[in-house]
Amino acid sequence: MTNAAPLFNPARGREITVVGIDGAGKSTLATRLHQALNDAGQKAVLIGKHSTDVPMDPELSAYVDQLNALVYRRDARVAQACGDHYWLLALAAWYTLQDKIVIQPALAAGTHVVLDNAHHKILARYAINPDVSTSLAEQVFAHLTEPDLVFFLRIDARAALARKGEFSSLETGHSGGDDEDFIRYQDLVLAKLQEHEQRGGWLSMNVTHIDRDAVYKPQPQPSPTASSSPSDPPDSPRGLHQMPVTRPTDGEYVCHGVTWATGDPRLLLAPLPDGSLVYTEIMHQQLGFAIGTGRWCTGRYQFVDTVRVEAVACLDRAPAGQSGQCARCFRQDEFRFAHQFHQDGRAPEALRRYMEKPHLLYLATFADGATKVGTAAEPRKRSRLDEQGALFATYLAESPDGRAVRHLEDALTRTLHVPQTVRATTKLKALANLTDLTAASATHDHHVTRAADALAVMDTSAMLEKWTPPAEGDRMRVTDGVRVLYPHDLREGEHGFTIVSCVGTQVLAILPGDDQVGYVLDLGALKGRRITVGPFTSPTAAVQSSLF
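Residue numbers (this note's numbering): 72 to 619.
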């Protein structure tokens, strides 16, 4: 392996792998690296253990997905009954197929691959398993594509446990369910990974005392954005920093909803009675809060320059009007003309300059097959789709400016009868009832074909670039385990849960002491609500009785 290989403008793409024990922050770093490469103009894909998409080949994608389902989306009792040798070979089959069908073609096409959940951790686990030959484990993975760069995130197992909060039986080596069982097993896995590090020349980083979001520090970029109005996020640019990113202290806030402006899902909170907006991490965090009464202004958005938009909290933390804003924030919001700009041309100068930038047209399909057409400004190409809550999406075409792309959007709606919005309740129920990805994938491909044909009639070139969904949603996009709708109204009462996956504003959460059932809920319901953050819990007895 050559760690010094150039990462930019290669004839062949480069494979970048992130390695570490459970809770080290591998997915977080992989997601940041993938986004940074795309922001730098490089073609890159993020591949995790549930990445099964084969571009323009739905039959092969379906086959890859079927094997993924056999390996990962199965009952825990079935998994243990099959035995360690079976799972070694099953995992080797899965990694072989993904490497052959997904990774190698991407590299050959000049696309960089950021690989999350590589096989190295599996080798380390089998190295401490006395019932399986270490040489056999190494042999069945030896043919996989050698990565060009390996980031090894070293972390103390106790610190990893503090980050995760919850863990599975697999993450203890099926040795027990106590915290010490997790720590003991993960320490053994870490020791084996360190042996691989010394042999392989990995780039090693001790992240024990570093927040997972501080591991990757990009160079200054344009500040991130938020929505154009409290009800409908606009096409606005995004960045990875230049905002307070922190855990909120216990206290009262006005919730502005979920934002993907940092590259991962965050709750955007305005502290009371005043103070800067807080972008609080939610993934794998225990979130407890109580809901206040009324609806409150979620502020406004202002231009910093021709490409940067920033969120501004309501100065008075005033009650909301019909727009979700108070009258003053509504008048001062520079983005409120965006959705009518292509019809009447009315806009402040800052918005007019912004709308002159390139924009993209996309199709997004949700868990039940519902499909919408939408637009995104080029700087916000990625986060615009991340926040939608779709399972599949394709960039259809690039337009020279925001006015032209909105005319294309309206034309596709008229021609194909594809809407421009999908209700949040529709997205939520579809994710809760998700049993199979095949139908939604086929529906998306069908609509993409129809859209490409319609664009051809309009003399518009189609780009047909697949969107890669963020890793934070992987667990929501599989069909294993028990999953039900959260049975309480988030707009009232007290709630407490740990978020383990997120798709748009919809999350999969588990309750304290019960990781067997996943609850699907929409954090978007908190938008405009006053919440008190603290050690609150959901009414457990009522939640349990709802299952019977």
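In this text, a Cβ means the ideal position worked out from N, Cα and C, and glycines have one as well. This structure is a prediction, so every number in the text was calculated from the model and none was measured.
- Query: For Gln-459, is the classification buried or exposed, using 16 other Cβ atoms within 10 angstroms of its Cβ as the cut-off for buried?
  - Reply: Working through the sequence shown from its first residue, we reach residue 459 at position 388. By the 10 Å Cβ count, Gln-459 comes out buried.
- Residue from Cys-153, Trp-165 and Thr-531 with nearest C-alpha to Gln-137: Against the sequence shown, residue 137 aligns to sequence position 66. The residue with the shortest Cα to Cα distance from Gln-137 is Trp-165.
- Query: So Gln-581 is in the beta strand (DSSP E); what residue range does that whole segment cover?
  - Reply: Residue 581 sits at position 510 when you count from the first residue of the sequence shown. It is worth fixing the name first, because residue 581 is Ile in this sequence and not Gln. Start and end: 577-582.
- Message: Is it buried or exposed, Val-574, if we count other Cβ atoms within 10 angstroms and call 16 or more buried?
- Response: As a first step, residue 574 must be located in the sequence shown, where it is residue number 503. Around the beta carbon of Val-574, 16 or more other beta carbons sit within 10 angstroms, so the residue counts as buried.
- Applying the criterion that 16 or more other CB atoms from any shown protein chain within 10 Å of the CB defines a buried residue, is Asn-139 buried or exposed? The residue labelled residue 139 in the question sits at position 68 within the sequence shown. Buried, since its Cβ has 16 or more Cβ neighbours within 10 Å.
- Would you say Leu-100 and His-183 are within 7 Å of each other, going by their C-beta atoms? Locating residue 100 in the sequence shown gives position 29, where the first residue counts as 1. Locating residue 183 in the sequence shown gives position 112, where the first residue counts as 1. No. Outside cutoff.
- Message: Rounding to the nearest angstrom, what Cα-Cα distance links Leu-487 and Arg-521 in this structure?
- Response: The residue labelled residue 487 in the question sits at position 416 within the sequence shown. The residue labelled residue 521 in the question sits at position 450 within the sequence shown. Whole-angstrom Cα-Cα distance: 8 Å.
- Query: Between the region 461-468 and the region 512-519, do at least 3 Cβ pairs fall closer than 8 Å?
  - Reply: Judged by Cβ distances under 8 Å, the region 461-468 makes contact with the region 512-519, as three or more pairs qualify.
- Taking the CB atoms as reference points, tell me whether Met-534 and Glu-480 lie closer together than 7 Å. The sequence position of residue 534 within the sequence shown is 463, counting from 1. The sequence position of residue 480 within the sequence shown is 409, counting from 1. Not in contact: Met-534 and Glu-480 (Cβ atoms no closer than 7 Å).
- Under the three-state reduction of DSSP, which class applies to Gly-595: helix, strand or coil? Here residue 595 refers to the residue found at position 524 when the sequence shown is read from its first residue. Helix, per DSSP.
- Give me the Cα-Cα distance between Asp-306 and Pro-490, rounded to the nearest whole angstrom. Start at 1 with the first residue of the sequence shown, and residue 306 comes out as number 235. Start at 1 with the first residue of the sequence shown, and residue 490 comes out as number 419. Residue placement at Asp-306 cannot be trusted, given a pLDDT of 37 that sits under 50; what the coordinates show is reported in the next sentence. Cα-Cα distance, rounded: 17 Å.
- Query: Taking C-beta to C-beta, are Ile-602 and Cys-326 nearer than 7 Å?
  - Reply: The residue you call residue 602 lines up with position 531 of the sequence shown. The residue you call residue 326 lines up with position 255 of the sequence shown. Yes, Cβ-Cβ distance for Ile-602 and Cys-326 is below 7 Å.
- Task: Would you list, in sequence order, the uninterrupted beta strand (DSSP E) runs of no fewer than 3 residues that lie entirely inside the region 336-377?
- Result: 337-342, 349-352, 357-362 and 371-374
- Query: Quick one: Cα of Ser-204 to Cα of Arg-196, how far?
  - Reply: Working through the sequence shown from its first residue, we reach residue 204 at position 133. Working through the sequence shown from its first residue, we reach residue 196 at position 125. When rounded, the distance between both Cα atoms is 12 Å.
- How big is the Cα-Cα spacing for Leu-505 and Val-444? Here residue 505 is taken as the residue at index 434 of the sequence shown, counted from 1. Here residue 444 is taken as the residue at index 373 of the sequence shown, counted from 1. Distance between the alpha carbons of Leu-505 and Val-444: 22 Å.
- Message: One question on the structure: do Gly-340 and Val-329 come within less than 7 Å of each other, judged by their Cβ atoms?
- Response: Counted from its first residue, the sequence shown places residue 340 at position 269. Counted from its first residue, the sequence shown places residue 329 at position 258. Here the sequence assigns Leu to residue 340, which means Gly is not the residue at that position. Cβ atoms of Leu-340 and Val-329: not closer than 7 Å.
- Compare the Cα-Cα distances from Arg-600 to each of Val-571, Ile-199, Asp-560 and Lys-500 and report the closest residue. Start at 1 with the first residue of the sequence shown, and residue 600 comes out as number 529. Here the closest residue by C-alpha is Asp-560.
- Query: What did DSSP end up calling Thr-49 once you bin it into helix, strand or coil?
  - Reply: A question about residue 49 goes unanswered here, because the residues of the chain that appear run from 72 up to 619.
- Using DSSP with H/G/I as helix, E/B as strand and the rest coil, what is Gly-544? Working through the sequence shown from its first residue, we reach residue 544 at position 473. Here Gly-544 sits in helix by DSSP.
- Task: Given a cut-off of 7 Å, decide if Leu-117 and Val-211 are closer than it, judged by their beta-carbon atoms.
- Result: As a working mapping, residue 211 is identified with position 140 in the sequence shown. As a working mapping, residue 117 is identified with position 46 in the sequence shown. Result no, Cβ atoms of Val-211 and Leu-117 do not sit closer than 7 Å.
- Item | Beta-carbon separation (whole angstroms), Thr-497 vs Ala-441, contact threshold 8 Å | To locate residue 497, count along the sequence shown from 1; it is residue 426. To locate residue 441, count along the sequence shown from 1; it is residue 370. About 6 Å; that satisfies the 8 Å criterion.
- Thinking just about the alpha-carbon of each residue, which of Lys-263, Ser-122 and Gly-244 is nearest to the one in Lys-171? Position 100 of the sequence shown, counted from the first residue, corresponds to residue 171. Just measuring C-alpha positions, the residue of Lys-263, Ser-122 and Gly-244 sitting nearest Lys-171 is Ser-122.
- Query: What separation, rounded to the nearest whole angstrom, lies between the Cα atoms of Met-426 and Tyr-557?
  - Reply: Working through the sequence shown from its first residue, we reach residue 426 at position 355. Working through the sequence shown from its first residue, we reach residue 557 at position 486. Those two C-alpha atoms are separated by around 40 Å.
- Pull up the distance between the alpha-carbon of Tyr-143 and that of Pro-126, whole angstroms please. By one-based count along the sequence shown, residue 143 stands at place 72. By one-based count along the sequence shown, residue 126 stands at place 55. So the two alpha carbons sit approximately 22 Å from each other.
- Let me know if Ala-177 comes out buried or exposed under the rule of 16 or more other beta-carbons within 10 Å of its beta-carbon. For the purposes of this step, residue 177 is identified with residue 106 of the sequence shown, where counting begins at 1. Classification for Ala-177: buried.
- Would you mind reading off the limits of the alpha helix (DSSP H) that contains Thr-167? By one-based count along the sequence shown, residue 167 stands at place 96. Counting along the chain, the alpha helix (DSSP H) containing Thr-167 begins and ends at 155-169.
- Task: Sort Arg-371, Trp-538, Leu-386 and Ala-152 by Cα distance to His-245 and report the nearest one.
- Result: Within the sequence shown, the letter at position 174 stands for residue 245. Selected option, being the one with the closest Cα: Ala-152.
- Cβ of Asp-219 within 7 Å of Cβ of Val-89? For the purposes of this step, residue 219 is identified with residue 148 of the sequence shown, where counting begins at 1. For the purposes of this step, residue 89 is identified with residue 18 of the sequence shown, where counting begins at 1. Cβ atoms of Asp-219 and Val-89: not closer than 7 Å.
- Determine, using beta-carbon pairs with one atom in the region 575-595 and one in the region 383-399, whether at least three such pairs fall under 8 Å. Proximity of the region 575-595 to the region 383-399 falls short of the contact definition, fewer than three beta-carbon pairs being nearer than 8 Å.
- Message: Could you tell me the alpha carbon to alpha carbon distance between Asp-439 and Ala-503, rounded to whole angstroms?
- Response: The sequence position of residue 439 within the sequence shown is 368, counting from 1. The sequence position of residue 503 within the sequence shown is 432, counting from 1. In a straight line, the C-alpha of Asp-439 is about 10 Å away from that of Ala-503.
- Taking only heavy atoms of the ligand MN into account, decide whether any of them is closer than 6 Å to the Cβ of Ala-228. What this structure holds is no ligand at all, so the ligand MN is not there to describe.
- Item | Inter-residue Cα distance where the pair is Asp-345 and Gly-370 | Residue numbering aside, residue 345 sits at position 274 when the sequence shown is read from its first letter. Residue numbering aside, residue 370 sits at position 299 when the sequence shown is read from its first letter. If I take the Cα positions, the gap works out to 12 Å.
- Val-555 versus Val-588, His-214 and Ala-525, residue with shortest Cα-Cα distance: Locating residue 555 in the sequence shown gives position 484, where the first residue counts as 1. The option with the nearest alpha carbon to Val-555 is Val-588.
- Note down, in chain order, each residue of its chain lying with its Cβ closer than 7 Å to the Cβ of Cys-400, except the 5 sequence neighbours on either side. Indexing the sequence shown from 1 puts residue 400 at position 329. In its chain, beyond the 5 residues on either side, Cys-368, Gly-370, Arg-371 and Cys-385 have a beta carbon closer than 7 Å to the beta carbon of Cys-400.
- Query: If you run the structure through DSSP and keep just helix, strand and coil, what is Arg-601?
  - Reply: As a first step, residue 601 is located in the sequence shown; it is residue number 530 there, counting from the start. The answer is strand: DSSP assigns Arg-601 an E or B state.
- Query: Are the region 90-99 and the region 145-160 in contact at 8 Å, needing three or more beta carbon pairs?
  - Reply: no
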